[in-house]
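Student: Position one of the sequence shown corresponds to residue 45 (my numbering), numbered consecutively onward.
There's a structure below that I have some questions on.
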Amino acid sequence: MALFLAGIVAAMAYTQHLRSEGPTASSIYFKAIEGPGGPRYRICFQTPRDDSFEVAIVGADGRAVAILAQDLPIEGDPSAGKGSANCFDWDGLDEAGVAVPAGTYRLRLTLERAERRAVSGEKLRITEPAQPAAEPAEPAG
45 MALFLAGIVA AMAYTQHLRS EGPTASSIYF KAIEGPGGPR YRICFQTPRD
95 DSFEVAIVGA DGRAVAILAQ DLPIEGDPSA GKGSANCFDW DGLDEAGVAV
145 PAGTYRLRLT LERAERRAVS GEKLRITEPA QPAAEPAEPA G
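Written as structure tokens, this is what we have:
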């Protein structure tokens, strides 16, 4: 029983430690951008700490469908919310280059040195899958 209580106290202390570190990211937003190749999505966020990040798009099941950046050093802004945002463009394709189906997607950030991972509450809703870019036709010869 004492071991069980010690485990609970340790878990509570660790949770409090994570809370005191503040959020992984703030000011997260998604924006659809229309272009000649079809819609693209701009994903932006701010972070209060320096770290190496993995920036991924995850589906409703929590699995990554696209990795936008890996081992990316990002400088944090302790006043996150007032500094410049870190932005990434996503073409709506998965890692295999296939358009993701209509659905709800989120941003997942992994702070590699701090060993923290968070999935945004903000959602990106895709109503129509991306259309592959048309290849130019070769002249008949």
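Quick reminder that beta carbons are idealized off the backbone N, C-alpha and C, glycines included.
Just so it is clear, the structure is predicted and the values come from calculations on it, not from any experiment.
On the three-pair Cβ rule with 8 Å, is the region 90 to 98 touching the region 153 to 165?
Tutor: As far as the Cβ criterion goes, the region 90 to 98 touches the region 153 to 165, which means the pair count is three or higher.
Student: For Ala129, which of Ala108, Asp115 and Thr91 has the nearest alpha-carbon?
Tutor: Ranking Ala108, Asp115 and Thr91 by Cα distance to Ala129 puts Thr91 first.
Student: Assess contact between the region 134 to 152 and the region 97 to 111, defined as three or more Cβ pairs (one per stretch) separated by less than 8 Å. Is contact present?
Tutor: Output reads yes: the region 97 to 111 touches the region 134 to 152.
Student: How would you label Val163, buried or exposed, when you count the other beta carbons within 10 angstroms and need 16 or more for buried?
Tutor: It counts as exposed.
Student: Determine the direct distance from the alpha carbon of Glu119 to that of Gly127, and round the result to whole angstroms.
Tutor: In this prediction, Gly127 has a pLDDT of 49, which is less than 50 and means its spatial position is unreliable; what the coordinates show is noted afterwards. Near 11 Å, if we compare the C-alpha coordinates of Glu119 and Gly127.
Student: List the endpoints of the continuous beta strand (DSSP E) containing Phe108.
Tutor: For clarity, residue 108 is Ala in the given sequence; the question names Phe instead. Its beta strand (DSSP E) spans residues Ala108 to Ile118.
Student: Quickly, what does DSSP pair Glu98 with across the bridge? List them, please.
Tutor: Answer is Thr154.
Student: Find the nearest neighbour of Leu137 within the set Glu166, Phe89 and Gly103, judged by alpha-carbon distance.
Tutor: Considering only alpha carbons, the answer is Gly103.
Student: For Asp133, report the span of its beta strand (DSSP E) as first-last.
Tutor: Taken as a continuous stretch (DSSP letters only), the beta strand (DSSP E) holding Asp133 covers Asn130 to Trp134.
Student: Look at the alpha carbon of Phe132 and the alpha carbon of Arg84, and state the distance between them as a whole number of angstroms.
Tutor: Rounded to the nearest angstrom, the two C-alpha atoms are 10 Å apart.
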